[in-house]
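No gaps in the numbering here: position 42 of the sequence shown is 89 in our numbering, and each next residue is one more.
What follows is a single structure, written as structure tokens, with notes after it.
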Amino acid sequence: YETKDFGPYGRNGEMIVCFTTNNDITGGNSGSPVMNGKGELIGIAFDGNWEAMSGDIAFETALQKCICVDIRYVLFVIDKFAGAGHLVEEMTLVN
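Quick look at the structure:
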């Protein structure tokens with residue numbers, strides 16, 4: 048972290064770890080893929096805020112948030128910390 052050596056996964060010495068969306072999430076959705084409008088994997092859903100608990104009954108865009116881990120951070124961890132860069136090399140990545 049101190050050296051800001053995030054490789055191709057970071058930008059300008061910064062690493063995005065998480066982001067939120069207004070995707071509808073409920074129990075059992077952890078680990079679900081989060082896609083952009085082009086159908087590209089951009090993250091993995093892992094939690095929702097407290098207001099998201101009502102999603103089984105009604106969806107409230109302004110209140111409910113899905114908490115996601117950024118896929119670039121996942122790739123960074125696989126490559127740098129797990130020492131499994133060979134797995135990343137087998138993937139087709141879109142920049």
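Glycine included, every Cβ here is placed at the ideal spot set by N, Cα and C.
CA-to-CA distance, leucine 88 to glutamate 107, given in whole angstroms: 24 Å
Suppose the cutoff is 6 Å on Cβ atoms and the five residues either side in sequence are ignored; what does the same chain contact list for glycine 29 look like? The shown model of the chain, from 48 to 142, leaves out residue 29, and the question about it has no answer.
Determine the DSSP secondary structure at phenylalanine 123, reduced to helix, strand or coil. In the three-state reduction of the DSSP assignment, phenylalanine 123 falls in the helix class, which pools H, G and I.
Rank Asp117, Val116, Val135 by C-alpha distance to the C-alpha of isoleucine 125 and give the top, closest one. Val135
For serine 79, which residues from the same chain have a beta carbon less than 6 Å from its beta carbon, with the 5 sequence-adjacent residues on both sides left out? Ala92
For asparagine 83, count neighbouring Cβ atoms within 10 angstroms of its own Cβ and tell me buried if that reaches 16, exposed if not. exposed
Spatially closest choice to alanine 105 from Asn70, Ile63, Lys85, by CA coordinates: Asn70
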